[in-house]
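Peer 1: Dropping a structure here in structure tokens format, bear with me for questions.
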Amino acid sequence: MLTLVDSSPSYQDTAKFRGAWQTAIRGLLATGDHYRNQDACRSAGPLYFQALSHYQAGPPDWHLADLSPRNISDRLKKCGDILMARGLSAYRQGELEQAIGHWQDLLVFDRDNSAALQAVNTTRTQLENLNALSPSPSP
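The sequence shown runs 3 to 141 under my numbering.
Right, here's the structure in full:
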């Protein structure tokens, strides 16, 4: 006689996993907040992105009462705005490579940010043009 083993998770297993999932989301956010408070949006942004992705993928009944996707999105947007502004500031000061670096940091967690993509492409073209105009060093 063939006996099948019930492999469905028990309520206790589900409750443990739910608690671990919520702890992980809170941990990502707390670490992101720590970096953001240290003015390190380059590190905070990817953590917020991961928190938002996992939070939205989780079952709705697991969501935390004091946290919404909008709350996480706001943190992510704030980091993106800071990196965009830093890039623009560096650009205005003629620090083109540094400007590109800030925008690329933003694109790590917001790949479709059209302003950052355009800024990187435009600034790279400007760098290429400047390098083409620079005289070659004498041998």
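The beta carbon of each residue, even a glycine, is placed where N, CA and C say it ideally should be. Quick caveat, the model's predicted, so the values are computed rather than measured.
Quick one: is ASP114 buried, meaning 16 or more other Cβ sit within 10 Å of its Cβ, or exposed?
Peer 2: It is exposed - the Cβ of ASP114 has fewer than 16 other Cβ atoms within 10 Å.
Peer 1: Less than 8 Å between the C-beta atoms of LEU78 and LEU98, yes or no?
Peer 2: No; because the gap between Cβ atoms is not below 8 Å, this pair is not in contact.
Peer 1: Quick check on DSSP: helix, strand or coil for ASN115?
Peer 2: Coil.
Peer 1: Please state whether the Cβ-Cβ distance between LEU49 and TYR57 is less than 8 Å.
Peer 2: It is not a contact, given that the beta carbons lie outside the stated cut-off.
Peer 1: Apply the 10 Å Cβ neighbour rule to VAL110 and answer buried if 16 or more other Cβ atoms are within range, or exposed otherwise.
Peer 2: By the neighbour-count rule (16 or more Cβ atoms within 10 Å), VAL110 is not buried but exposed.
Peer 1: Cβ of ILE84 within 8 Å of Cβ of CYS43?
Peer 2: Contact: yes.
Peer 1: Roughly how far, in whole angstroms, is the beta-carbon of GLY60 from the beta-carbon of TRP105, given that I think they are within contact range, below 8 Å?
Peer 2: Not really, about 31 Å apart at Cβ, beyond 8 Å.
Peer 1: In the structure shown, what three-state DSSP assignment does HIS36 receive?
Peer 2: Here HIS36 sits in helix by DSSP.
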